[in-house]
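Comments concern the structure below.
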């Protein structure tokens, strides 16, 4: 139900700014709540944020490096 709240919020904000019919895509993180909020909506295609994904990759790589380093 968090996805429904997100969807309502995004929809209302786009209406307030008179952008509802001008949006062709929406960029988000990969969270399940925002994915469900944008699934099957008029927001257009959902794109995953490349910067957010890169940040997750780097954080995971650093975690693996630190984990390996601490075992020595």
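Numbering (my numbering), first residue to last: -8 to 63. Just so it is clear, CB atoms sit at the ideal spot from N, CA and C, and this is done for glycine as well. Source: prediction; values computed, not measured.
Give me the Cα-Cα distance between residue 17 and residue 31, rounded to the nearest whole angstrom.
Cα-Cα distance, rounded: 12 Å.
Any idea what DSSP makes of residue 32, helix, strand or coil?
In the structure shown, residue 32 falls within a coil segment according to DSSP collapsed to helix, strand and coil.
At a cut of 8 Å, does the segment 2 to 10 reach the segment 45 to 55 through at least three beta carbon pairs?
As far as the Cβ criterion goes, the segment 2 to 10 does not touch the segment 45 to 55, which means the pair count is below three.
Using the beta-carbon count (16 or more within 10 Å), is residue 42 buried or exposed?
Residue 42 should be labelled exposed.
Coarse secondary structure for residue 61, derived from DSSP in three states:
DSSP places residue 61 within a helical segment (H, G or I) once states are collapsed to three.
What would DSSP say about residue 39, mapped onto helix, strand or coil?
Here residue 39 sits in strand by DSSP.
Hey, out of 33, -1, 58 and -5, whose CA is closest to residue 23's CA?
Out of 33, -1, 58 and -5, -5 has the C-alpha closest to the C-alpha of residue 23.
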